[in-house]
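Add 60 to the 1-based position in the sequence shown for this note's numbering, that's all there is to it. Step one of this worksheet: look at the structure below.
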Amino acid sequence: MTRVLFFDLGGVVFTDFFSGGEKKLAEVLNVPPSKLLDVYLKTDVPSYSKGGITDLERWKLFTDELGLPKSYADICINEYYKSYEQIKETVDLIRELALDGRFRLGILSDQPKGVTDYLRKSYEDVFNLFDQNLVVISAEVKLSKKDPELDIYKLAIERSGLSVEDIVFIDNSQNNIDNAESIGIQGFFFDFKEKTPKVLVEDLRTYVDNIDR
61 MTRVLFFDLG GVVFTDFFSG GEKKLAEVLN VPPSKLLDVY LKTDVPSYSK GGITDLERWK
121 LFTDELGLPK SYADICINEY YKSYEQIKET VDLIRELALD GRFRLGILSD QPKGVTDYLR
181 KSYEDVFNLF DQNLVVISAE VKLSKKDPEL DIYKLAIERS GLSVEDIVFI DNSQNNIDNA
241 ESIGIQGFFF DFKEKTPKVL VEDLRTYVDN IDR
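Following this line, the structure appears as structure tokens:
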């Protein structure tokens, strides 16, 4: 039986601000990483990931909250982009799974347009591992995982052409996993805060291998 595995980008396929990527910006701004993340979350408006506001507009919210000059927004944008680096262990597993006839691979992720364009250009080889019809990114579909209607998950189900029980979603947010599971999608919590990428990927490999057993 063919199943679909949907991967989140930030924190699963690539590092992001919640998987170590915040440390350099915290150092540059001389702000504790924990405070940086708190402010990042406070100013993370859903319209950003859906393409409703620009990088500059979003990061000015961040610098305003920290009491920094507007000129710092460009520094934040630059470090934000650079925080995305491929997680080798995950990408290696995706390459394996791409050759496994049991699975189709997709992306289900909240990413703003600038980051999406950057990742597509910088990591074209990684994006080519996924079924392009199953690439569901907030900036491109104008939906977000933060939307209470959960329409982005429903779109992923629709594009898969499968029954919801044949879909697995891998994400580093327990809240996102809970939302997916609330409509029947199977979830795998990629808990980057508690485990190393190597351990997480081995856990995911075991999970995937046992899906039909």
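Ideal Cβ placement from N, Cα and C applies to all residues, glycine included. In this text the structure is predicted, and so the values were computed from the model without any measurement.
Mind checking residue i: buried by the 16 CB within 10 Å criterion, or exposed?
{"i": "G244", "result": "exposed"}
{"i": "R162", "result": "exposed"}
{"i": "P172", "result": "buried"}
{"i": "T256", "result": "exposed"}
{"i": "G71", "result": "buried"}
{"i": "N239", "result": "buried"}
{"i": "V175", "result": "buried"}
{"i": "V268", "result": "buried"}
So, with DSSP's three-state summary, where would you put residue i?
{"i": "Q171", "result": "coil"}
{"i": "R63", "result": "strand"}
{"i": "I245", "result": "coil"}
{"i": "D251", "result": "coil"}
{"i": "F229", "result": "strand"}
{"i": "R164", "result": "strand"}
Answer yes or no: do residue i and residue j have a C-beta to C-beta separation smaller than 9 Å?
{"i": "G247", "j": "Y144", "result": "no"}
{"i": "V88", "j": "E156", "result": "no"}
{"i": "K110", "j": "K214", "result": "no"}
{"i": "F190", "j": "I227", "result": "no"}
{"i": "R63", "j": "R180", "result": "no"}
{"i": "L121", "j": "T150", "result": "no"}
{"i": "D68", "j": "F229", "result": "yes"}
Taking the DSSP output, what are the residues bridged to residue i?
{"i": "D238", "result": "Partner(s): none; D238 has no beta bridge."}
{"i": "G221", "result": "BP columns for G221 are empty, so no partner."}
{"i": "I271", "result": "In the DSSP output, where bridge partners are listed per residue, I271 has none listed."}
Can you give the Cα-Cα distance for residue i and residue j, rounded to whole angstroms?
{"i": "L126", "j": "S223", "result": "46 Å"}
{"i": "T266", "j": "A133", "result": "42 Å"}
{"i": "I271", "j": "L116", "result": "43 Å"}
{"i": "A216", "j": "P92", "result": "37 Å"}
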